[in-house]
């Protein structure tokens with residue numbers, strides 16, 4: 129969050145939350161035109177970045193990053209877009225980056241996102257640029273975003289039917305269609321990742337069969 133705030137400079141720190149696909153700070157407020165020094169720290173095992181985009185443009189920029197495909201690694205999954213106001217580089221586990229910028233002069237709710245493929249759907253927050261947050265929110269209410277964090281108990285009834293009507297082919301198709309393939313393989317011998325925009329040999333997340341074993345131990 130905000131570490132210090134003087135008339136000359138606002139100092140901010142934002143970090144990733146391990147294995148949660150989220151930032152530890154979801155909202156910040158700075159004054160229009162204020163100089164800002166931001167430290168971004170990645171404590172997650174996957175690479176992440178942080179970028180500020182114009183209001184209402186988070187999904188547009190996030191999807192443009194997906195379209196970069198395998199060459200995205202060469203540019204840190206930063207697409208060419210006039211909607212990006214500033215960004216960090218792609219940051220690996222345990223690394224930090226310091227970014228200095230001047231806040232926009234136009235009042236608004238500016239989203240910050242991670243543009244690694246698919247991450248923008250969950251990894252996002254809002255930088256409110258305003259002199260009076262209460263007045264701004266009275267005129268521009270927060271968008272309600274519901275995110276469900278599923279637990280084993282929520283799916284217990286479904287698990288009783290897990291061996292019925294099973295289709296590996298259908299599961300594999302959904303694995304690709306829903307975007308899991310962007311970061312994972314189904315197993316060490318699986319070639320599904322050839323469909324991934326990251327490239328045939330890029331896998332930054334654990335194999336799905338290893339994840340299943342882990343959760344069986346946790347249950």
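Residue numbers (the working numbering): 129 to 347. By construction, the Cβ of each residue, glycine as well, lies at the ideal position given by its N, Cα and C atoms.
Grab the span of the beta strand (DSSP E) containing residue i for me, first residue to last.
i, result
"residue 272", "Run containing residue 272: none; DSSP gives neither H nor E here."
"residue 198", "First-last for residue 198: undefined, no H or E at that position."
"residue 231", "Residue 231 -> no beta strand (DSSP E), and no H or E assigned at all."
"residue 156", "155-158"
If you draw a straight line from the C-alpha of residue i to the C-alpha of residue j, how long is it?
i, j, result
"residue 258", "residue 211", "19 Å"
"residue 148", "residue 292", "31 Å"
"residue 134", "residue 296", "58 Å"
"residue 294", "residue 279", "22 Å"
"residue 289", "residue 281", "14 Å"
"residue 287", "residue 299", "15 Å"
"residue 158", "residue 234", "12 Å"
"residue 213", "residue 137", "18 Å"
"residue 237", "residue 203", "27 Å"
"residue 184", "residue 166", "22 Å"
"residue 179", "residue 173", "19 Å"
"residue 271", "residue 261", "15 Å"
"residue 269", "residue 232", "20 Å"
"residue 162", "residue 265", "20 Å"
"residue 303", "residue 277", "19 Å"
"residue 208", "residue 246", "17 Å"
Excluding five sequence neighbours on each side, which residues of the same chain lie with their C-beta closer than 7 Å to the C-beta of residue i?
i, result
"residue 132", "139"
"residue 219", "168, 170, 175, 176, 177, 225"
"residue 240", "178, 179, 180, 252, 253, 255"
"residue 217", "177, 204, 225"
"residue 242", "176, 177, 178, 248, 251"
For my contact list, residue i and residue j are in at a C-beta cut-off of 8 Å; report their separation, rounded to the angstrom.
i, j, result
"residue 168", "residue 206", "Rounded, the Cβ-Cβ distance is 14 Å, inconsistent with contact."
"residue 248", "residue 152", "No, residue 248 and residue 152 are not in contact; Cβ-Cβ is about 17 Å, not under 8 Å."
"residue 181", "residue 189", "5 Å"
"residue 250", "residue 156", "That pair is no contact at about 18 Å."
Looking at the strands, I want to know which residues DSSP matches up with residue i.
i, result
"residue 172", "Beta-bridge pairing links residue 172 to no other residue."
"residue 239", "254"
"residue 150", "145"
"residue 130", "140"
"residue 215", "179"
"residue 164", "138, 229"
"residue 224", "169"
In terms of residue numbering, what span does the alpha helix (DSSP H) encompassing residue i cover?
i, result
"residue 284", "284-287"
"residue 263", "261-267"
Tell me which residues share the same chain as residue i and place their Cβ nearer than 6 Å to its Cβ, disregarding the 5 neighbours each side in the sequence.
i, result
"residue 274", "none"
"residue 229", "164, 214"
"residue 199", "none"
"residue 129", "153"
Can you list, in chain order, the residues of its chain with a C-beta nearer than 8 Å to that of residue i? Leave out the 5 residues immediately preceding and following it.
i, result
"residue 171", "143, 144, 145, 146, 221, 222"
"residue 285", "none"
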